[in-house]
Amino acid sequence: MTIAIIGAGVGGLTLARVLHVHGIDTVVYERDTSPTARTQGGMIDLTVDGGQYAMRAADLEDELRAIARPEGQDLRLVDHTGTLFLQEDTPEDAPFDRPEVDRPVLRSTLINALPEGTIQWGRAYQSATRTGTGFDLHLTDGTTAHCDLLVGADGARSRVRTLVTDAEPIHTGVTYVELAIPDIDRAHPDLAAMIGRGNYWAIGPHQNLSAQRNGDGTVRVYLSFRGTDTVDKAGIKARYADWAPQFHALIDAAGDTVTTLPILMLPVGLTWPATPHVTLLGDAAHLMPPTAGEGANQAMRDAAELANAIAANPTAIRDYETAMFDRSTQAARQSLANMEVFMSDKGAQGVLDLMQTWGAAPGSSKIPPEYTTQAVVIRWEANGVTPQLNPCLAFNGNARPGWSTSPSSSPERPRK
């Protein structure tokens with residue numbers, strides 16, 4: 002059985018590694034020309050039933066402990082005036098429940114755990130032609146390759162997704178802007194002391210600033226607000242003009258590179274009919290906002306579950322998909338609920354109240370009613386005011402995926 006994985010992110014690499022543990026070879030096609038062709042983002046906090054579960058399945062638990070940064074779980078929560086609402090410092094004997102890991106280091110660990118030649122760098126997937134036994138893949142270098150099973154791990158703008166559904170990501174109405182402060186301990190010791198060892202969240206009405214310390218001494222600064230603006234540093238400071246001076250100091254300390262990250266999502270509860278020889282994982286299957294820290298965790302859990310399903314019964318892909326649909330829907334709903342709180346007018350107090358629900362049973366925190374249908378769509382007003390998230394478009398899972406123009410009448414969509 003020839004298995005082709007499209008995308009060498011943490012999800013695709015985890016799938017390749019767990020299948021390798023089971024003695025099953027794969028080929029990973031990746032558009033990047035090398036592991037370091039582009040930046041790989043900041044920190045990931047790996048949950049027990051997400052990333053940690055997958056690393057155990059990948060037989061890389063010792064490697065995970067070697068690269069984990071438990072102190073990265075430290076958190077300071079302030080409001081836009083700088084008033085401290087919460088400080089959590091991780092003790093040395095803290096349980097290994099949600100350690101932070103540098104995404105580039107995690108990715109390198111997974112790459113190094115694969116046989117040489119597994120990843121085909123610089124060979125990007127372009128399209129596929131169905132054959133009687135699978136797919137012929139058409140790659141951007143002009144070559145073709147055959148596979149019996151095609152797995153789309155190719156992220157938010159997945160091309161493989163079009164083989165199973167017509168659904169496309171929509172803008173949530175929230176935009177993130179990323180800045181970076183290199184070598185902060187030496188260059189800006191005062192700001193380093195303010196941020197601490199892990200995460201620093203400043204939550205104001207309808208917009209936020211967070212700073213995250215990485216293992217290499219870099220601090221990544223993320224600013225989030227409602228809108229679709231592409232802004233430079235001057236535009237950022239104008240948006241945060243009424244915030245306390247220390248936040249302007251963080252912006253000033255960052256380099257001139259400004260990365261705009263529109264926060265996209267797929268319809269909550271997206272499913273598709275069983276489609277032979279192809280499936281999806283991670284953002285390709287269930288793109289969600291980052292406000293529950295579930296994106297990478299869900300992708301890695303998907304990968305481990307799919308690998309185990311293939312090893313047990315190569316034809317049981319639908320069993321994997323059915324479980325993935327249910328699990329990822331819960332995570333997406335929680336992510337949206339969290340985002341609504343983070344972007345509300347309640348500021349840091351609203352986030353603190355939300356955090357007090359996180360220790361309760363899964364799904365017990367209040368989810369806004371606009372997120373209880375299967376999908377939401379952004380409705381922009383002509384004058385550009387704050388967008389509203391409305392359940393005015395529901396996903397029809399009873400036929401080949403398409404869009405229905407009325408809200409769903411049931412909180413759970415029938416599974417095929």
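The opening residue of the sequence shown carries number 2 in the numbering used here; numbering runs sequentially from there.
All residues carry an ideal CB built from backbone N, CA and C; glycine is no exception.
Beta bridge counterpart(s) of residue i as assigned by DSSP
| i | result |
| --- | --- |
| R187 | Partner(s): none; R187 has no beta bridge. |
| T220 | A small correction: the amino acid at residue 220 is Val; Thr does not occupy that position in the sequence shown. Beta-bridge pairing links V220 to I182, R214. |
| M56 | According to DSSP, which records beta bridges pairwise, M56 is partnered with nothing at all. |
| G135 | T132 |
| Q74 | Answer by DSSP bridge pairing: none, since Q74 is not bridged. |
| Q121 | Y30 |
| V79 | L85, A203 |
| Q247 | Partner(s): none; Q247 has no beta bridge. |
| S209 | For the sequence presented, residue 209 should be read as Asn rather than Ser. Its beta-bridge partners are I204, S225. |
| V161 | According to DSSP, V161 bridges with nothing at all. |
Limits of the alpha helix (DSSP H) - the one that residue i falls within
| i | result |
| --- | --- |
| I68 | 62 to 68 |
| H147 | Segment 145 to 148 is the beta strand (DSSP E) holding H147; no alpha helix (DSSP H) there. |
| D327 | 318 to 343 |
| V11 | 11 to 22 |
| A235 | 234 to 240 |
| V106 | 104 to 113 |
| G351 | 348 to 356 |
Proximity to residue i [Cα-Cα], best of the options
| i | options | result |
| --- | --- | --- |
| T119 | D26, A275, R70 | D26 |
| R108 | Q208, R227, G283, G42 | G42 |
| L267 | D98, G218, A349, L337 | L337 |
| G270 | T48, Q335, L210 | Q335 |
| T37 | R104, L47, H81, L16 | R104 |
| L307 | A17, G174, A9 | A17 |
| V152 | Y177, L138, G83, H207 | L138 |
| T292 | I45, W244, D327, T3 | I45 |
| S1 | V22, E64, M301, G8 | Outside the displayed range of the chain (2 to 417) lies residue 1, so it cannot be described from this structure. |
| T40 | H287, L353, N215 | N215 |
| G351 | A181, F136, P206 | P206 |
| P71 | E101, E64, V79 | E101 |
| R160 | T219, H189, T316, T130 | T130 |
9 Å Cβ cutoff, residue i in contact with chain B
| i | result |
| --- | --- |
| S35 | No chain B is present in this structure, which holds just one protein chain. |
Terminal residues of the beta strand (DSSP E) in which residue i lies
| i | result |
| --- | --- |
| G205 | 200 to 205 |
| D50 | Looking at the DSSP string, D50 is not in any beta strand (DSSP E), and its letter there is neither H nor E. |
| I7 | 4 to 7 |
task: May I have a chain-ordered list of the alpha helix (DSSP H) segments no shorter than 4 residues that lie completely inside the stretch 265 to 299?
output: Every unbroken stretch of the alpha helix (DSSP H) spanning 4 or more residues and falling wholly within the stretch 265 to 299 is given here in chain order: 284 to 287.
- request: Give a yes or no on contact between the stretch 286 to 304 and the stretch 36 to 52, applying the rule of three or more CB pairs nearer than 8 Å.
  value: Yes, since at least three Cβ pairs between the stretch 286 to 304 and the stretch 36 to 52 fall closer than 8 Å, the two stretches touch.
- request: Could you tell me whether the stretch 86 to 93 touches the stretch 268 to 286, using the rule of 3 or more Cβ pairs below 8 Å?
  value: They do not touch, by the three-pair rule.
- prompt: Three or more beta-carbon pairs under 8 Å between the stretch 184 to 197 and the stretch 249 to 257, yes or no?
  reply: Contact between the stretch 184 to 197 and the stretch 249 to 257 is present, because at least three Cβ pairs lie under 8 Å.
query: Using 8 Å as the Cβ pair cut-off and three pairs as the minimum, do the stretch 27 to 40 and the stretch 118 to 137 touch?
result: Segments in contact, yes.
- request: Would you check if there are 3 or more beta carbon pairs closer than 8 Å linking the stretch 176 to 192 to the stretch 313 to 333?
  value: Not touching, per the Cβ criterion.
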